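Letter by letter, the sequence shown follows residues 9 to 400 in my numbering.
Heads up, the beta-carbon is just placed ideally off N, CA and C, and yes, glycines get one too.
Because the structure is a prediction, the values reported are computed rather than measured.
Following: one structure in structure tokens, then a few remarks.
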Amino acid sequence: MNRRVCVLTGTRAEYGLLRWILEDLREAPDFDLQVIATCMHLSPEFGLTYREIEADGFNIDRKVEMLLSGDTPSSVAKSMGLGMVGFSDALAELQPDVLLVLGDRFETISCVAAALVARVPVAHIQGGELSEGAIDEAIRHSITKMSQIHLVAADEYRRRVVQLGEHPRSVHLVGGPSLDNIQRLDLLRRDTLEAALDHKFARQNVLVTFHPVTLEGGTAVSQMAELLSALEMRPDIGVIFTMPNADPEGRALFDQIEAFVEEHPQHSSFISLGQLRYLSTVAQVDAVVGNSSSGLTEVPSLGTATVNIGDRQRGRLKAPSVVDCRPEREEIVAALDLVLAPKFQEVVEQRVSPYDPHGDGQTARRVVEVLRTADLHDILKKRFYDLPGGLE
Numbered sequence: 009m010n011r012r013v014c015v016l017t018g019t020r021a022e023y024g025l026l027r028w029i030l031e032d033l034r035e036a037p038d039f040d041l042q043v044i045a046t047c048m049h050l051s052p053e054f055g056l057t058y059r060e061i062e063a064d065g066f067n068i069d070r071k072v073e074m075l076l077s078g079d080t081p082s083s084v085a086k087s088m089g090l091g092m093v094g095f096s097d098a099l100a101e102l103q104p105d106v107l108l109v110l111g112d113r114f115e116t117i118s119c120v121a122a123a124l125v126a127r128v129p130v131a132h133i134q135g136g137e138l139s140e141g142a143i144d145e146a147i148r149h150s151i152t153k154m155s156q157i158h159l160v161a162a163d164e165y166r167r168r169v170v171q172l173g174e175h176p177r178s179v180h181l182v183g184g185p186s187l188d189n190i191q192r193l194d195l196l197r198r199d200t201l202e203a204a205l206d207h208k209f210a211r212q213n214v215l216v217t218f219h220p221v222t223l224e225g226g227t228a229v230s231q232m233a234e235l236l237s238a239l240e241m242r243p244d245i246g247v248i249f250t251m252p253n254a255d256p257e258g259r260a261l262f263d264q265i266e267a268f269v270e271e272h273p274q275h276s277s278f279i280s281l282g283q284l285r286y287l288s289t290v291a292q293v294d295a296v297v298g299n300s301s302s303g304l305t306e307v308p309s310l311g312t313a314t315v316n317i318g319d320r321q322r323g324r325l326k327a328p329s330v331v332d333c334r335p336e337r338e339e340i341v342a343a344l345d346l347v348l349a350p351k352f353q354e355v356v357e358q359r360v361s362p363y364d365p366h367g368d369g370q371t372a373r374r375v376v377e378v379l380r381t382a383d384l385h386d387i388l389k390k391r392f393y394d395l396p397g398g399l400e
């Protein structure tokens, strides 16, 4: 009997990371793939990106509406509650053998909590990582404790999941799924990309992806203002913006970006580039600027510099091509000057990524093999794994 694997996806970025895992599960003769689409995928405001999933040939088995239109912590918490109601129904109807989730977003923990009560084993991708400036940090570790199978991106993260009390045999070093895209997608050439985006690149260009720092209530707007001021101090640079996620204060950032692009029409903004256009843009620009995890994972492997602003990704492993700075215009300009200088290209060209421990960008294949061989009998009854030697 085929193993039923249900995959949750709630955002365009997360789907891009899951894309090849979904493909390999669909093509494997011993799996029945199920897909739940939720949150930003179903929102017109965020581009109805569930259509990208369908365009790739995947059947969406259930759509769980949960995202309220508010821009406050209260609206996010209420969305989480709506999600639990919808996910409970979806899991009861689909009856998966395993629920596969990635990362650390609020819709993900709602689904995993529903799976815990429904006695559905959970396989969690990218546990053990740190992002100390965001609520994602606590959500990620909570998901780890509610999961039975752990699929981690680096050895340091493997050790951290074990430190959280998970048995080493349940923790599998598979690498970061974002790097599969680099191996398996044919990226667009610059002229083709310019036509697809209706955007003309300048001599030097940056891609800006900036999200609210969710543990710093009320700072998003001021930090974005600092970033936009820094970009104005470098008028020679072409800028492409991707819009932030559905987090508190995210919609206020939308408004700032739209006003900036209207005032500076040589720049462009996009709600969703999709994975192919996004990675093609990363490969063509000189730096990715902001606070997205993408700047630390796949961007270094594409030979592009990263300016990582503020504390949202504090604690994550970083390649030498990543330059940190505070969310202040002078520091951002200094970081831009550094990464855009010809000498820094020697660092960028190393294409080093700590998220590819096997050096082959084959995370999807490893994930599928773990899901194939995992013994699900009695897997829900976990024992807390104490580190040898106890406290030091």
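- Around the beta-carbon of G367, fewer than 16 other beta-carbon atoms lie within 10 Å, marking it exposed.
- In this structure G184 is in contact with T305, their Cβ atoms being roughly 5 Å apart against a cut-off of 8 Å.
- If the five residues before and after R192 are omitted, its C-beta is found closer than 7 Å to the C-beta atoms of W28, all from its own chain and listed in chain order.
- Annotation: A238 to V182 spans about 38 Å, alpha carbon to alpha carbon.
- A residue is called buried when at least 16 other Cβ atoms come within 10 angstroms of its Cβ; D97 does not meet this threshold and is exposed.
- Nearest to G173 by alpha-carbon distance, out of L90, H149 and L187, is H149.
- In terms of CA proximity to R20, E60 leads the group E60, P37, C14 and D40.
- By the neighbour-count definition (other C-beta atoms within 10 Å, threshold 16), M9 is an exposed residue.
- Taken through DSSP and simplified to helix, strand or coil, S276 comes out as strand.
- Remark: C-beta atoms of P252 and P220 approach each other more closely than 8 Å.
- Nearest to R113 by C-alpha distance, out of E101, I147 and S83, is I147.
- The DSSP-derived three-state label of Q353 is helix.
- Closest in C-alpha terms to I190, from the list V247, S361 and V347, comes S361.
- In this structure, H49 sits away from T80, with a CB-CB distance that is not shorter than 8 Å.
- Taking C-beta atoms as the reference points, L223 and I143 count as a pair closer than 8 Å.
- In terms of Cβ geometry, Q370 and D188 form a close pair [threshold 8 Å].
- Approximately 6 Å separates the beta-carbon atoms of D69 and V43; this is inside 8 Å, confirming the contact.
- A straight-line Cα-Cα distance of about 45 Å links Q171 and M241.
- Only residues of its own chain outside the window of five on either side were considered, and among them N10, R11, R12 and V13 have a CB closer than 8 Å to the CB of D40, listed in chain order.
- In the DSSP assignment, K71 is bridged to A45.
- Of all alpha-carbon atoms in G111, L346, S329 and R259, the one lying nearest the alpha-carbon of G226 is that of R259.
- Its chain contains A126 as the residues whose beta carbon lies nearer than 7 Å to that of A100, once the 5 sequence neighbours on both sides are disregarded; these appear in chain order.
- Residue environment: E53 is assigned as exposed (fewer than 16 neighbouring CB atoms within 10 Å of its CB, all protein chains considered).
- Distance from Q292 to F209 at the Cβ level is roughly 7 Å; contact confirmed, criterion being Cβ atoms closer than 8 Å.
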